[in-house]
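Single-structure report; data block below.
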Amino acid sequence: QLADNLPKREQTLIRQQVDLIRQRADRQLQSARLGVEQMAQTGLASLTGKLISVLAPVTAARGVKWKIEIDEAMTADMDPADLAEALGNVLDNATRYAEKTISISAEREGAFLRLDVEDDGPGVNDEDLVAISQRGVHLAEDEGTGLGLAISSDVLNAYGGRITFARSDIGGLKASLYLPGQA
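Okay, so the sequence shown: first residue is 242 according to this note's numbering, each after it adds one.
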């Protein structure tokens, strides 16, 4: 209802975000009724593109450019909603802190697909790199709840994956999501 009073572009963005939330809630209810989780394969490039289409209006106003290098054949052995939640939280952080560039790339690493999300923002001190994936930890004053990256970590751990953080070669933070999947 609140979206009806916003400019058209913002209405569309809000409605897309609400639809993602609704889909996630519906999926959780269906899983609860069935009592089992269904294994699915999710195309990394396709899902990443969908998430970027939701976030791009936020970064376009600041002139932030997206650089994406993901092979169309790469698929994660994860439910699309779970992967969207894990990756969406990481991308949301990148959109908040990037100054000019957000880079996303994927490659095979051992038994996993490694999906790297990098930004050229201020980055994180070395001593805080481990702490940022812990529930309730947020480093910026008055921003966020400190839950997003912890949720991403929990989702990936549930699938046998993980998330790590390092300094990015382009200046900010590099989040590496290790996903079960196929190249």
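Built from N, CA and C at the ideal position, the CB exists for glycine as well.
Small disclaimer: the values here were computed from a predicted structure and weren't measured.
Please say whether residue j and residue i have beta carbons closer to each other than 9 Å?
i              : j              : result
isoleucine 345 : leucine 356    : yes
glycine 412    : glycine 364    : yes
leucine 288    : leucine 328    : yes
glycine 284    : glutamate 326  : no
isoleucine 293 : leucine 324    : no
alanine 399    : methionine 315 : no
For residue i, I'd like the list of residues in its chain whose CB is within less than 6 Å of its CB, leaving aside the five on either flank, ordered along the chain.
i             : result
leucine 254   : Pro298
serine 409    : Glu359 and Lys415
valine 295    : Gln257
alanine 281   : Asp320
threonine 300 : Thr336
In the DSSP assignment, what residue or residues form a beta bridge with residue i?
i            : result
tyrosine 419 : Arg355 and Arg403
leucine 332  : According to DSSP, which records beta bridges pairwise, leucine 332 is partnered with nothing at all.
serine 346   : Glu310 and Asp357
leucine 414  : Arg408
glycine 284  : Thr316
Apply the 10 Å Cβ neighbour rule to residue i and answer buried if 16 or more other Cβ atoms are within range, or exposed otherwise.
i              : result
isoleucine 404 : buried
aspartate 260  : exposed
glycine 351    : exposed
aspartate 320  : buried
isoleucine 309 : exposed
alanine 446    : Given that the chain is displayed from residue 242 to residue 424, the structure contains no residue 446 and the question cannot be resolved.
alanine 347    : buried
alanine 317    : buried
asparagine 334 : buried
isoleucine 262 : exposed
valine 277     : At valine 277, the pLDDT of 40 sits below 50, so the modelled position is not reliable and the matter cannot be decided from this model.
In its own chain, which residues sit with a C-beta less than 8 Å from the C-beta of residue i, not counting the 5 before and 5 after it?
i             : result
lysine 341    : Gly304, Val305, Lys306 and Asp361
leucine 275   : With a pLDDT of only 46 at leucine 275, under 50, the local geometry of the prediction cannot be trusted, and the value read off the model is given with reservation. Cβ within range, chain order: n/a, list empty.
aspartate 367 : Arg408
leucine 397   : Ala327, Arg403, Ile404, Leu418, Tyr419 and Leu420
Ordered along the chain, which non-local residues of its own chain (more than five positions away) have a Cβ less than 7 Å from that of residue i?
i              : result
glutamine 264  : Ala322
asparagine 330 : Gly389, Leu390, Ile392 and Ser393
lysine 291     : none
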